[in-house]
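**Student:** If you're matching positions, the sequence shown starts at 38 in our numbering and goes up one per residue.
Ideal Cβ placement from N, Cα and C applies to all residues, glycine included.
No experiment lies behind these values; they were computed from the predicted model shown.
The structure that follows is given in the form of structure tokens.
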Amino acid sequence: MRSPYGTPEHPLHPRRRRTGGLGLLPMMLLLALGIGGTSIIGEHLTAPEPDVVLGTGLAFSADGLVLVPYDRNGPGGLVAEATGGMFTARLAAVDLASGETRWDVRLADELAWDAAVVAAGVEYAYVATEDGLQIRDLDDGSLVTAGGAVPGLESAGPGTAAYGFDPAAGAVVALDVDGGFHTIDLDALEAVPAGEAVTEAWTGRLSAEGTLPELGGMTSTEASLGEERTLRVEPTAEDALGGVLVIESRGAESRGTEGKSGRRVLGTRAYYGAGIVLDHTAAAAPGEIDVDGLVQDILEDPAAAVDLALPDNAAAGATTGHALVEHSPDPGAEGFALTVVDLETGRATASVATANHLGRSLTGPGGHTVVLAAAADGVWLSELVIVAPDGSIDRAGFGDLDLLGRPDLGRNL
């Protein structure tokens, strides 16, 4: 027999066990973390898209931003879901020149929370909300002051109907619960009692409580181009499905360029079910409109209702030499298209597909026109179409969040 320890001349030594591994417990922890991380990422990537609905209370800043309030309802990042952020009201600032979102901030964790941007200057934006007026920094959207904390607005109304913007005074107008009017100059942080002229102009147009009605997009077969010119959609023939764009000029000075009749067919393209997008920039203030009467007029005479809401009946984009036309891509086709048409050549400079009728249209000081639109595969007005002064189109999307619930600022479509 041989000893397991060998002999004195040839001793045997047992092998030492390796101790450099992680061990059973650390391995189990790593495996659990890996499975959990994979599940979390998979759930985030496969979660359904949230419902995003843009608000109509848009405003332009002095440095080329458009401020867009919107509701985001649905799955978000894990942090957003854990902290109750599945239903949020948000405010985004989009650069008109690039179409990129500069910042995107949360206004409230509420479902269908009413908010509208009243005005914006160089430094601050003024946002009317259900909880009163918010003043936000235009650099990053951070909250400067809100609600009753705004000096001079301690008794101001809580709803969006209590606020408006007076271009002549260059100030935000606020109505308090006692019926008094106050103004805040753009880029100021303190309100003062309104002057006699502002009080007289705004009496009856604001309400200390509640929300103002939101007017959606409007189109017409006839719109003003300014300078005594009118753009019309005329059928190519009697009972024809398609129509052409026609410019009609009035006044003796038009005869040299438009012919004796002052009528010029704009290009040769036929548009099906076409309507000219109207500019809401100079729309009548919501407080001046009898909403019940407007609904009745729409039922009886849609053209008269458009004239009531948009007395100038101006074509969107006309200030930069373009017209925006909403139409069907083909006869009987589902969905719609927005096409930008050059008013000199009749050429279509850009076009984008939408799943529904267009929403509100506004033109900024720099000539960019923005239109609320539904994505080609969507239902709600969730995208912002930006028409540049040269007739090109950008589309900005909203509502994308990362795992931590932070907005994805790189999304332009």
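Is Glu264 close to the ligand ATP? I mean its beta-carbon at under 6 Å from any heavy atom of the ligand.
**Tutor:** Ligands in the displayed structure: none, and consequently the ligand ATP is not present.
**Student:** Considering only C-alpha positions, which residue in the set Gly354, Ile313, Leu282 and Phe124 is nearest to Arg300?
**Tutor:** Selected option, being the one with the closest Cα: Leu282.
**Student:** Look at Leu262 and Ala385 and say whether their C-beta atoms are less than 7 Å apart.
**Tutor:** It is not a contact, given that the beta carbons lie outside the stated cut-off.
**Student:** For Pro444, count the other beta carbons within 10 Å of its own beta carbon; 16 or more makes it buried, fewer makes it exposed. Which is it?
**Tutor:** Label assigned to Pro444: buried.
**Student:** Could I get the ranges of all uninterrupted alpha helix (DSSP H) runs contained in the stretch 202-277, with 4 residues as the minimum, in chain order?
**Tutor:** Complete alpha helix (DSSP H) runs here, min 4: 233-239.
**Student:** Could you pull out every unbroken beta strand (DSSP E) segment of at least 3 residues lying fully inside the stretch 156-187, listed in chain order?
**Tutor:** You should have 161-166, 169-174 and 180-183.
**Student:** With DSSP run on the structure shown, which of helix, strand or coil describes Glu133?
**Tutor:** According to the sequence provided, residue 133 is Leu. The question's Glu does not apply to it. Looking at Leu133 - three-state DSSP - the assignment turns out to be coil, as it is neither helix nor strand.
**Student:** How far does the beta strand (DSSP E) with Arg300 in it reach, from first residue to last?
**Tutor:** It spans Arg300 to Val314 - the beta strand (DSSP E) in which Arg300 sits, taken as one unbroken run.
**Student:** Under a Cβ-count criterion, where at least 16 other Cβ atoms within 10 Å of its own Cβ denotes burial, should Ser179 be classed as buried or exposed?
**Tutor:** That one is exposed.
**Student:** In terms of DSSP beta bridges, what is Trp140 paired with?
**Tutor:** Ala130.
**Student:** Identify which residue in Pro402, Glu420, Gly403 and Ala370 has its Cα closest to the Cα of Ala410.
**Tutor:** For the residues Pro402, Glu420, Gly403 and Ala370, the minimum Cα distance to Ala410 belongs to Glu420.
**Student:** With a cut-off of 8 Å, do at least 3 Cβ pairs link the stretch 207-216 to the stretch 264-272?
**Tutor:** No, they do not touch.
**Student:** Tell me which residues share the same chain as Asp431 and place their Cβ nearer than 6 Å to its Cβ, disregarding the 5 neighbours each side in the sequence.
**Tutor:** Hits under 6 Å: Gly136 and Ile423.
**Student:** In three-state DSSP terms, what is Gly71?
**Tutor:** In this structure, Gly71 counts as helix in the three-state DSSP scheme.
**Student:** If you measure between the beta carbons of Ala130 and Leu91, is that distance less than 7 Å?
**Tutor:** In this structure, Leu91 does not lie closer than 7 Å to Ala130 by Cβ.
**Student:** Can you check whether the CB of Leu380 is closer than 7 Å to the CB of Glu363?
**Tutor:** Taking 7 Å as the Cβ cut-off, Glu363 and Leu380 do not qualify as a contacting pair.
**Student:** Can you tell me whether Thr382 is buried or exposed? The criterion is at least 16 other CB atoms within 10 Å of its CB, across all chains shown.
**Tutor:** Exposed: under 16 other Cβ atoms inside 10 Å.
**Student:** Compare the C-alpha of Val181 against each of Glu160, Pro195 and Val154 and name the closest.
**Tutor:** Val181 has its Cα closest to that of Glu160, out of Glu160, Pro195 and Val154.
**Student:** Taking the C-alpha atoms as reference points, what is the distance between Val164 and Ala307?
**Tutor:** About 42 Å.
**Student:** For Ala411, which three-state DSSP category applies?
**Tutor:** Reduced to three states, the DSSP call for Ala411 is strand.
**Student:** Give the straight-line distance between the Cα atoms of Ala156 and Asp146, rounded to the nearest whole angstrom.
**Tutor:** Cα-Cα distance, rounded: 23 Å.
**Student:** Compare the C-alpha of Val452 against each of Ala186, Gly185, Ala355 and Ala238 and name the closest.
**Tutor:** Summary: the structure shown does not reach residue 452, with the chain confined to residues 38 through 450, and so no result is reported for it.
**Student:** Would DSSP call Leu375 helix, strand or coil?
**Tutor:** Three-state result, Leu375: strand.
**Student:** Cα separation between Pro106 and Phe202?
**Tutor:** So the two alpha carbons sit approximately 17 Å from each other.
**Student:** Could you tell me the alpha carbon to alpha carbon distance between Leu303 and Gly404, rounded to whole angstroms?
**Tutor:** Going by the C-alpha atoms only, they are around 22 Å apart.
**Student:** Are the CB atoms of Gly280 and Glu271 nearer to each other than 7 Å?
**Tutor:** It is a contact, given that the beta carbons lie within the stated cut-off.
**Student:** To which residues of the same chain is Arg109 closer than 7 Å at the C-beta, ignoring the five residues directly before and after it?
**Tutor:** For Arg109, where only same-chain residues beyond five positions count, the Cβ hits under 7 Å are Pro87, Val89, Thr125, Arg127 and Gly436.
**Student:** Nearest to Pro368 by CA position, among Ser388, Gly310 and Ala355, is which residue?
**Tutor:** Cα-wise, what sits closest to Pro368 is Gly310.
**Student:** Helix, strand or coil for Pro366, going by three-state DSSP, please let me know.
**Tutor:** Here Pro366 sits in coil by DSSP.
**Student:** Do His317 and Leu395 have their C-beta atoms closer together than 7 Å?
**Tutor:** Taking 7 Å as the Cβ cut-off, His317 and Leu395 do not qualify as a contacting pair.
**Student:** To the nearest angstrom, report how far apart Gly248 and Arg173 are at their CA atoms.
**Tutor:** For clarity, residue 248 is Thr in the given sequence; the question names Gly instead. Each residue's alpha carbon lies about 21 Å from the other.
**Student:** Note down, in chain order, each residue of its chain lying with its Cβ closer than 7 Å to the Cβ of Leu356, except the 5 sequence neighbours on either side.
**Tutor:** For clarity, residue 356 is Thr in the given sequence; the question names Leu instead. Same-chain partners within the cutoff: Thr400 and Gly404.
**Student:** Taking Trp417 as the reference, which of Gly434, Thr197, Arg139 and Asp177 has the closest Cα?
**Tutor:** The shortest Cα separation from Trp417 among Gly434, Thr197, Arg139 and Asp177 belongs to Gly434.
**Student:** Can you round the beta-carbon distance between Leu95 and Val142 to whole angstroms, since I take them to be within the 8 Å contact cut?
**Tutor:** No, Leu95 and Val142 are not in contact; Cβ-Cβ is about 16 Å, not under 8 Å.
**Student:** Going along the chain, which residues of its own chain have a beta-carbon closer than 8 Å to the beta-carbon of Ser388, five neighbours each way excluded?
**Tutor:** Result list for Ser388: Ala374, Leu375, Thr376, Val377 and Ile430, in chain order.
**Student:** Just checking my contact of Arg189 with Val235 at CB under 8 Å: how many whole Å lie between their CB atoms?
**Tutor:** One detail in the question is off: residue 189 reads as Gly in this sequence, not Arg. Not a contact, Cβ separation roughly 14 Å.
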